[in-house]
Amino acid sequence: MEAKIAKIKNYSGLCVAPFTPFDAKGNININLIDEYVSLLQRQSVTGAFVNGSTGEGLSLTMAERKKLAERWVEASRGKLDLVIVHVTAASIVDTQELATHAESLNVDAISVLPPFYFRSPSVDHLIRYVEEVAKAAPNTPIIYYHIPAFTFVNVKMTEFLPEAKRRVPALCGAKYSCSELSDLAGFLREDKADIKIFFGYEEMLLAALALGVTAAIGGTFTYQGHLAKKIMDLYEEGDMTSARHLQDKLKHGIDTLCNYGFSVAALKAAANKVSGLNFGDTRMPVCPLPDDKAEKLAEEIRALDILM
């Protein structure tokens, strides 16, 4: 466990939040994952956050999630540095089963959302929930998944993470998919050495780097990873003018998606048109973007000159 936690804490770079490929009949298409990993390598991506929001994890069956985790671990071996598997389900019993399965695959970490229907009434209750998940995978690091726009659980990381870390030693990271930078700044100032932050809000990547973040997870990295990596490199080199210029380009790419809803549907439709791979449609309740709109979206993205 100590070696795995050290690996998480020492990681720097980009993790993709990968799409789940579906075939024409709506079944998962695990045969595409090898090509997907090769694409990610070309995009300077070195990790994967499997079965998350972009991957429609909560719309998948337990069996599908397990198959995808297995295939990602196999396909990433020797090619990606980090594989994190998101395990949250509506039932904690299913969450624990997915956590145990992920541990059997020797993944680098599992990630868990807070309860989002029967929400935790207090920080203490939320920590107790994470403790129960941790029991199902006692030898695997845990990354808390903070995405309040989806869960409506907006606990402050400065209040939650230090105490959660004390009570759950496996907790070593957080996926921070939130635009509230003051909370992030306060936490990083106090506890940066103990908890690894994976920033999940690409349009504010450069600002997060300035706060001390060194790792990011993003859905757009399937085709914008090279751009995000260049921003990180320029920041490290101290070339803020060039970094700001590229951050502006990356944000324009996301703003273009927002014109089509910036849902998984728009993101997946764009990737289908500009990445060179076809990931299929989204699964209900996420309605696929109509093809005419997908074509228009792709044209607008190409016009931004942000692709490789």
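In this text, residue positions in the sequence shown follow this note's numbering: the first is 43, and each later residue adds one. Just so it is clear, CB atoms sit at the ideal spot from N, CA and C, and this is done for glycine as well. As the structure is a computational prediction, the values presented were derived from the model and not from experiment.
Residue range 184-188 is occupied by the beta strand (DSSP E) that includes ILE185.
Sorting PRO211, LEU102, GLU139, ILE259 by C-alpha distance to the C-alpha of ALA178 places GLU139 at the top.
With fewer than 16 other Cβ atoms inside 10 Å of its own Cβ, VAL135 counts as exposed.
Note on the segment 250-326: whole alpha helix (DSSP H) runs with a minimum of 4 residues are 263-279, 282-300, 306-316, in chain order. Considering only VAL255, ALA308, MET282, LYS315, the residue with the shortest C-alpha distance to LYS51 is VAL255. For VAL79, no beta strand (DSSP E) run applies; the uninterrupted alpha helix (DSSP H) run containing it begins and ends at 75-84, by DSSP. Secondary structure of SER153 (DSSP, three-state): strand.
Selection LYS121, VAL87, THR262, ILE75 evaluated against LYS109 yields ILE75 as nearest (Cα-Cα). By the C-beta density criterion, ASP290 is exposed, having fewer than 16 other C-beta atoms within 10 angstroms. Within the DSSP secondary-structure output, HIS128 pairs in a beta bridge with SER153. Under the DSSP assignment, LEU56 falls in the beta strand (DSSP E) whose first and last residues are 55-58. When DSSP states are grouped into helix, strand and coil, LYS51 belongs to the helix group. C-alpha of THR62 to C-alpha of CYS329: approximately 15 Å in a straight line. With a beta-carbon spacing of about 6 Å, GLN85 and PHE263 fall inside the 8 Å limit used to define contacts. A distance of 9 Å or more separates the beta carbons of PHE91 and THR324. Excluding its 5 nearest sequence neighbours in each direction, ARG208 has no C-beta neighbour in its own chain below 8 Å.
Judged by their CB atoms, ALA345 and LYS315 are not nearer to each other than the 9 Å cut-off. For VAL115, the enclosing alpha helix (DSSP H) stretches over residues 104-118. When the alpha-carbon of GLU245 is set against those of THR182, ASP297, ASN73, ALA311, the nearest one is in ASP297.
Boundaries of the alpha helix (DSSP H) around ALA345: 333-345. Contact between PRO183 and CYS220 fails: their C-beta atoms lie close to 21 Å from each other, not under 8 Å. Of the residues assessed, ASN93 falls on the buried side of the cut-off, its CB having 16 or more other CB atoms within 10 angstroms.
Residues MET43, GLU145 of the same chain have their beta carbon placed closer than 7 Å to that of ASN181, with the five preceding and five following residues left out of the count.
By the Cβ-count criterion, ALA216 is buried, with 16 or more other Cβ atoms from all chains shown falling within 10 Å of its own Cβ. DSSP places LYS177 in the uninterrupted alpha helix (DSSP H) bounded by 165-177. In the three-state reduction of the DSSP assignment, VAL135 falls in the helix class, which pools H, G and I.
Looking at the DSSP output, ALA90 sits in a beta bridge with VAL58, VAL125. The alpha-carbon of PRO157 is positioned some 8 Å away from that of THR193. Contact check for TYR243 against ALA313 fails: the beta carbons are separated by 9 Å or more. Contact between VAL125 and GLY89 holds, since their C-beta atoms are separated by about 7 Å, short of 8 Å.
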